[in-house]
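A.B. asks: Quick one: this structure, given as structure tokens, is what I'll be asking you about.
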Ligand code: SF4
Ligand code: ZN
Ligand code: ZN
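Numbering (my numbering), first residue to last: 35 to 364.
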């Protein structure tokens, strides 16, 4: 197999595109795909302040790397979830990545901020770890972006993630989620714009880029990920992709291009009045947001079990640690 650009021996084959590349031209191709996504959807505009959500895994570190290569000064944001050694290694990996490149990294430790780790939160509330974790991550991303003056949050979702989410939403006809799904979700008052610059690149392509660029990332999965439905959807789509290269891309891109607008126009206007949470001030539909409700409930139960002192009460203001240099825009 030869590189489609220079004719040297190819190291990576992109079957869905019928192309193959040597290491150098693969990296160029990958970065140009990210650039194309950013431009096509006008994800980042001048004067934007950009925060990249970084877990320490390959997707988020590749995202941060490519944004930096394209000239964007994105600050990183890492949430220390308190999931044993997994979280400790995730933080170490992320800090090493940022320090090597002189990038600013903002870290919030869930336990230090809110009093309990994610596994403790799951234990006292009786809910699956991913449910409280997902809620806390969304809250913290919006909150830290707003408090620190970032109007765009970039995440490392890849094509496999997006196609699996689409399959999950279609399987259950989650119309609200279907109309919101996409590479960019515009911001509104109190909520930063959400962008996914890697949305058109497969997990395998992201891993190949990380390997060829020498990016040290955390390989281990979160111990709570086993049994997640998204893994089943990914496995099914993976089987289809092997038989029919390009399936994931067509499934997602054609949905976004042909179906989503039809679905949007066929649904009644949501017309939900947005308010500010009485406890934390974040945008919500009720008086108190789901995140404050969850943590208030957790505090009541944790105090009964003597995990927290009797006079403790949930404070929604996260404690922020900043490492490295302050980032500007491009
Ligand atoms: Fe959080 Fe679940 Fe993801 Fe682990 S697998 S990081 S608990 S959402
Ligand atoms: Zn080449
Ligand atoms: Zn709240």
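Ideal placement from N, C-alpha and C gives every residue a C-beta, glycine not left out.
#1: Looking at ligand 1, does it come within less than 8 Å of residue 242, judged from the CB to the closest heavy atom?
#2: How is the beta strand (DSSP E) around residue 357 delimited, first residue to last?
#3: Would you check if the distance between the CB atom of residue 353 and the CB atom of residue 146 is smaller than 9 Å?
#4: Name the one or two DSSP bridge partners that residue 110 has.
#5: Is the beta carbon of residue 366 within less than 8 Å of some heavy atom of ligand 1?
#6: How about residue 230 and residue 280: do their beta carbons lie closer than 9 Å?
#7: Quick one: what does DSSP say residue 77 is sitting in, helix, strand or coil?
#8: Do you know offhand how far residue 56's Cα is from residue 36's?
#9: Less than 7 Å between C-beta atoms, sequence neighbours within five positions excluded: which residues of the same chain meet that for residue 213?
#10: Just list the residues that DSSP pairs residue 318 with in beta bridges.
#11: From 263, 256, 160 and 221, pick the residue whose C-alpha is nearest to that of residue 197; which is it?
#12: To the nearest angstrom, how far is it from the Cα of residue 329 to the Cα of residue 271?
#13: Use the C-beta contact count for residue 356: other C-beta atoms within 10 angstroms, 16 or more gives buried, fewer gives exposed.
#14: Do residue 188 and residue 92 come within 9 Å of each other at the CB atom, strictly closer than that value?
#15: Using 8 Å as the cut-off, classify the Cβ of residue 313 as near or not near the heavy atoms of ligand 3, replying yes or no.
#16: Using the Cβ count rule (16 or more neighbours within 10 Å means buried), how would you classify residue 67?
#17: Which value, in whole angstroms, describes the spacing of the CA atoms of residue 178 and residue 41?
#18: According to DSSP, is residue 175 part of a helix, a strand, or is it coil?
#19: What do you get for residue 110, buried or exposed, if any count of 16 or more other CB atoms within 10 angstroms of its CB means buried?
#20: What does DSSP give as the partner residues of residue 227 in its beta bridges?
#21: Assign residue 276 to buried or exposed, taking buried as 16 or more other Cβ atoms, counted over all protein chains shown, within 10 Å of its Cβ.
#22: Among the residues of its own chain, which have a CB less than 6 Å from the CB of residue 319, if the five just before and after it don't count?
#23: Within the present structure, is the beta-carbon of residue 56 separated from the nearest heavy atom of ligand 2 by less than 8 Å?
#24: Would the C-beta of residue 248 count as close to ligand 2, meaning under 8 Å from any of its heavy atoms?
#25: How many angstroms separate the CA atom of residue 208 from the CA atom of residue 289?
#26: Quick check on residue 133: does DSSP put it in helix, strand or coil?
#27: In chain order, what residues of the same chain lie with their CB nearer than 7 Å to the CB of residue 148, ignoring the 5 residues before and after it?
#28: Are the beta-carbon atoms belonging to residue 251 and residue 202 less than 9 Å from one another?
#29: Whole angstroms is fine: what's the gap from residue 108's alpha carbon to residue 224's?
C.D. replies: According to the structure data:
#1: Counting from 1 along the chain shown, the entry for residue 242 is found at position 208. Incorrect: residue 242 has no Cβ contact closer than 8 Å to ligand 1.
#2: As a first step, residue 357 is located in the chain shown; it is residue number 323 there, counting from the start. Taken as a continuous stretch (DSSP letters only), the beta strand (DSSP E) holding residue 357 covers 354–357.
#3: Counting from 1 along the chain shown, the entry for residue 353 is found at position 319. Counting from 1 along the chain shown, the entry for residue 146 is found at position 112. Yes, the pair counts as a contact, with Cβ atoms nearer than the cut-off.
#4: Walking along the chain shown from the start, residue 110 turns up at place 76. As a beta-bridge residue in DSSP terms, residue 110 pairs with 86 and 139.
#5: Any property of residue 366 remains undetermined from this structure, which presents the chain solely from 35 to 364.
#6: Position 196 of the chain shown, counted from the first residue, corresponds to residue 230. Position 246 of the chain shown, counted from the first residue, corresponds to residue 280. No, Cβ-Cβ distance for residue 230 and residue 280 is not below 9 Å.
#7: Numbered from 1 along the chain shown, position 43 holds the residue referred to as residue 77. Correct three-state label for residue 77: coil.
#8: For the purposes of this step, residue 56 is taken as residue 22 along the chain shown, with counting starting at 1. For the purposes of this step, residue 36 is taken as residue 2 along the chain shown, with counting starting at 1. Cα-Cα distance, rounded: 8 Å.
#9: As a position in the chain shown, residue 213 is number 179, starting the count at 1. Excluding sequence neighbours, residue 213 sits near 294, 297, 298 and 301.
#10: Mapped onto the chain shown, residue 318 falls at position 284. 309, per the DSSP bridge assignment.
#11: Residue numbering aside, residue 197 sits at position 163 when the chain shown is read from its first letter. Looking at the Cα atoms, 263 is the closest of the given residues.
#12: Taking the chain shown and counting its residues from 1, one reaches residue 329 at position 295. Taking the chain shown and counting its residues from 1, one reaches residue 271 at position 237. Taking the CA atoms as reference points, residue 329 sits about 36 Å from residue 271.
#13: The residue you call residue 356 lines up with position 322 of the chain shown. Label assigned to residue 356: exposed.
#14: Residue 92 sits at position 58 when you count from the first residue of the chain shown. Residue 188 sits at position 154 when you count from the first residue of the chain shown. For the 9 Å CB-CB criterion, residue 92 and residue 188 do not form a contact.
#15: To locate residue 313, count along the chain shown from 1; it is residue 279. Under cutoff, so the answer is yes.
#16: For this step, residue 67 is matched to residue 33 along the chain shown. Label assigned to residue 67: buried.
#17: For this step, residue 178 is matched to residue 144 along the chain shown. For this step, residue 41 is matched to residue 7 along the chain shown. One Cα belongs to residue 178, the other to residue 41, and the distance between them is close to 47 Å.
#18: For this step, residue 175 is matched to residue 141 along the chain shown. Reduced to three states, the DSSP call for residue 175 is helix.
#19: Walking along the chain shown from the start, residue 110 turns up at place 76. Classification of residue 110: buried, given that the 10 Å Cβ count is 16 or more.
#20: The sequence position of residue 227 within the chain shown is 193, counting from 1. Note: residue 227 sits in a beta bridge opposite 186.
#21: As a first step, residue 276 must be located in the chain shown, where it is residue number 242. When all chains shown are included, residue 276 counts as exposed.
#22: Here residue 319 refers to the residue found at position 285 of the chain shown. Correct list, in chain order: 306.
#23: Position 22 of the chain shown, counted from the first residue, corresponds to residue 56. Yes, Cβ of residue 56 sits closer than 8 Å to a heavy atom of ligand 2.
#24: As a first step, residue 248 must be located in the chain shown, where it is residue number 214. The answer is no for residue 248.
#25: By 1-based counting over the chain shown, the position of residue 208 is 174. By 1-based counting over the chain shown, the position of residue 289 is 255. Cα to Cα, the separation comes out at about 14 Å.
#26: The residue labelled residue 133 in the question sits at position 99 within the chain shown. Residue 133: helix per DSSP, three-state reduction.
#27: Along the chain shown, read from residue 1 onward, the residue named residue 148 stands at position 114. Contacts found: 329 and 348.
#28: Walking along the chain shown from the start, residue 251 turns up at place 217. Walking along the chain shown from the start, residue 202 turns up at place 168. No; because the gap between Cβ atoms is not below 9 Å, this pair is not in contact.
#29: If you number the chain shown from 1, residue 108 lands on position 74. If you number the chain shown from 1, residue 224 lands on position 190. Answer to the nearest angstrom: the Cα atoms are 20 Å apart.
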